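> Residue numbers (the UniProt record's numbering): 1 to 147. Yeah, the Cβ is synthetic: ideal placement off N, Cα and C, and Gly gets one too. The structure presented is a predicted model; accordingly, all values stated were derived computationally and were not measured. Dropping the structure in here first, questions after.
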């Protein structure tokens, strides 16, 4: 079995974020919702089997060694990828089923999140951190009750 990386170079993460954002914007402009399949399939594969074709192709264009770039946590990126996949999938289903409002709701969420991440704040990271804090506090409370 293939071992998952501990980190992913930031330029590769940013390429994936730009792919999501631009695919959504192009979908809105052209009305061609199938364009969402590009980041959807890439992130679904990345989440499920650890192979994101967008990241793999972008890796070919790195000028320095992978270790010379600012690392992004691979576990965190996997979590973010799961959120993006759900939103992209919801958008695809909404548009394909003839419910454009649903499609726009999901794609607006993923477009905003990806653009904010490009600017430097990771919404998925914030959600992941808050979830971990909740789980930790819940575990602490149950431990105190047992003692």
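Using a threshold of 8 angstroms, state whether the C-beta atoms of residue 87 and residue 106 are closer than that.
Mapped onto the chain shown, residue 87 falls at position 87. Mapped onto the chain shown, residue 106 falls at position 106. The answer is yes: Cβ separation under 8 angstroms.
> Should residue 23 be labelled buried (16 or more other beta-carbon atoms within 10 Å of its own) or exposed?
Your numbering for residue 23 matches position 23 in the chain shown. So residue 23 ends up on the buried side.
> Considering only residues of the same chain and omitting the five flanking positions on each side of residue 55, which have a CB-CB separation below 6 angstroms?
Your numbering for residue 55 matches position 55 in the chain shown. If we look at residue 55 and ignore the five residues flanking it on each side, its Cβ neighbours are 12 and 16.
> Please work out which residues of its chain come closer than 6 angstroms, Cβ to Cβ, to residue 103, disregarding the five sequence neighbours upstream and downstream, and give them in chain order.
In the chain shown, residue 103 corresponds to position 103, counting from 1. Here the set comprises 91, 94 and 95.
> Within a Cβ cutoff of 6 angstroms, which residues of the same chain sit near residue 125, ignoring the five residues on either side of it in sequence?
Counting from one through the chain shown, the residue named residue 125 turns up at place 125. So the list reads 76, once near-sequence residues are dropped.
> Helix or strand or just coil, what does DSSP make of residue 70?
Taking the chain shown and counting its residues from 1, one reaches residue 70 at position 70. Coil, per DSSP.
> How far does the alpha helix (DSSP H) with residue 29 in it extend, from its first residue to its last?
As a first step, residue 29 must be located in the chain shown, where it is residue number 29. 10 to 30 is the span of the alpha helix (DSSP H), which, as asked, contains residue 29.
> Going along the chain, which residues of its own chain have a beta-carbon closer than 7 angstroms to the beta-carbon of residue 113, five neighbours each way excluded?
Translated into positions along the chain shown, residue 113 becomes position 113. Within the same chain, residue 113 has close Cβ partners 123 and 124.
> Less than 6 angstroms between C-beta atoms, sequence neighbours within five positions excluded: which residues of the same chain meet that for residue 34?
Taking the chain shown and counting its residues from 1, one reaches residue 34 at position 34. Excluding positions up to five away in sequence, the list is empty.
> Looking at residue 74: is its Cβ nearer than 8 angstroms to the Cβ of residue 6?
One-based indexing of the chain shown puts residue 74 at position 74. One-based indexing of the chain shown puts residue 6 at position 6. Yes, Cβ-Cβ distance for residue 74 and residue 6 is below 8 angstroms.
> For residue 58, which option in 9, 89 and 27 has the closest C-alpha, if you only look at C-alpha atoms?
Residue 58 sits at position 58 when you count from the first residue of the chain shown. Of the candidates 9, 89 and 27, the one whose C-alpha sits nearest the C-alpha of residue 58 is 9.
> Using CA atoms only, rank isn't needed, just tell me which of 38, 133, 120 and 31 is closest to residue 85.
Working through the chain shown from its first residue, we reach residue 85 at position 85. Nearest option by C-alpha distance: 38.
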